[in-house]
Amino acid sequence: MLCLGIESTAHTFGASVVDGKGKVLSNEKAVFTTEEGEGGMIPGEVAKHHRQHKDEVIKKALERSGKAMKDIGLISFSNAPGLAPSLIVGMETAKELAKKNSIPVIGVNHCIAHLEIGNLVTESKDPVLLYASGVNTQVIAYEGGKYRIFGETLDIGVGNFLDSFARHCGLGFPGGPKLEKLAAESKMKKERKIIELPYVVKGTDVSFGGLLTNLKQKFDSKKYAMEDLAYSMQETVFAMLIEVSERAMAHTGKKELLLGGGVACNKRLQEMAKIMCKERDAEYFVPENQFLVDNAAMIAWLGILEHKAGIKSYADKLDIKPYERTDDVIVKWR
Ligand code: AMP
Ligand code: MG
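For the sequence shown, counting from 1, position 311 maps to 307 in the working numbering; every step adds exactly one.
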C-alpha cells in the first residue's frame, strides 16, 4: 500500500509518498522563510504560503515517486499540534484529495511522527528522543502505552529561541544555521571568548526566556563579538538539552538516544549527543537532515503504522488539534 503524507503544522508544507514497508519514494516541501530583518512566522502569512504551494508540492511528490493519485491507498496528514491556520490547509487538502479519489484519510500527531521516522531510518528501537525543533522542545520516550514527555521547555521552543535571537541581531529567519556558522567562526579564532550565560535546567525541563533576554542585552551593549555570542550560546543551550536527555535516559533505563527536529541538524549538538552516549555506553542515532526537519515522509509513515494497527478514522469526524500533547495519543501500533 502507498501512502501520501501531507505536513503543514508550521513553516513547512510537505508531501511525500511512502510504501507499506517504509520505503520513502519521494519527500518534497516548500518552506516559508523571511530574509533579513524582523519578520518572523505570522500564522496568516504562513497559511497563505501553504495555499500557494500545496498543489505544486503534491504534484512533485507524485512525480518523483513515479506514482499517480490512482496508486495511492491512504492519505495521512499532520492534524496536531501546530498553528491552526497552517493545520487547516493540510487538513482541507487531505480531505479534498481523499474524497475526490475515494481513499481513506487519517490525521496523525507530528511530534510522534518525528520519533517513528527515526526508528524507521535508523537502527533505533526504543529510544529516548530529543526532539528539538522550532516550536517544540521535548524529551520523549515510550512507557505504559504512550509516548511520554519526560522533559520539555517551560517557555519557548529551542528553535524559536535561536530564531528570535538571530532576528534581533538582524540575521533573518531561520536563524539556527546562521548562528551555527558564526559559532564555528568563533571556534577558529585564537582569541575566542566563552561568555558566561544563564543555564536554566529544572529537573528534566529547560527554559530559554531569561537566556534570550540576557543575550539580546549583551548584543545591544556592543561589548561582545557576534561570533563569540553565538558560540557561547550554543555551548550553553546544547549542554542544557543534553543534560535533560541524559537524565531521562537514566530515569527510564533506556540505552538509545535519537535526535529529531530541525535544531538537531546542528553539528555541535550532534557531537555533544554522541559524546554523552559514549560516556554512558548508550547508542546514538541521528537521521539524515531531510528526516530531522519537518517533513511529510514521517507523516506518511505514521499514517501507515496507525492504519496497519487497525486505527480507523472518518473524514467528516477528523479535525485539527492545535494543542494535542504527545501523551494524549494512545499508541496501538507498537
Ligand atoms: P523544525 O521546526 O523541526 O523544522 O525546525 C526548524 C528550526 O530548526 C528553526 O528554528 C531553525 O532555526 C532550526 N535549525 C535548522 N538548522 C539548524 C542548525 N544547523 N542549527 C541550529 N538550528 C537549526
Ligand atoms: Mg517538527
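Glycine included, every Cβ here is placed at the ideal spot set by N, Cα and C.
Computed from a predicted model, the values in this text were never measured in an experiment.
| query | result |
| --- | --- |
| Measuring CB atoms only, is the region 118 to 128 touching the region 86 to 94, in the sense that at least three cross pairs come out at less than 8 Å? | no |
| Could you tell me the distance, in whole angstroms, from the CA atom of Leu265 to the CA atom of Lys19? | 28 Å |
| Shorter than 7 Å, the distance from the beta carbon of Leu314 to the closest heavy atom of ligand 1, or not? | no |
| So, helix, strand or coil for Ile307, using DSSP? | coil |
| Could you give the DSSP three-state label for Phe9: helix, strand or coil? | strand |
| What residue does the beta strand (DSSP E) around Glu320 start on, and which one ends it? | That residue, Glu320, is in no beta strand (DSSP E); it is neither H nor E in DSSP. |
| What number of angstroms, rounded off, separates the C-alpha of Leu111 from the C-alpha of Met294? | 9 Å |
| Have a look at Ile190, Ile326, Ala128 and Gly171 and flag the residue whose alpha-carbon is nearest the alpha-carbon of Met37. | Gly171 |
| Using the beta-carbon count (16 or more within 10 Å), is Arg330 buried or exposed? | exposed |
| Can you tell me whether Lys212 is helix, strand or coil according to DSSP? | helix |
| Using the beta-carbon of each residue, find all residues closer than 5 Å to any heavy atom of ligand 2 and list them in chain order. | Ser129 and Asp290 |
| CB Leu254 to CB Leu125, shorter than 8 Å? | yes |
| Within 8 Å, do at least three Cβ pairs link the region 310 to 323 to the region 276 to 288? | no |
| Under the criterion of a Cβ to heavy atom distance below 7 Å, does Pro39 qualify as lining ligand 1? | no |
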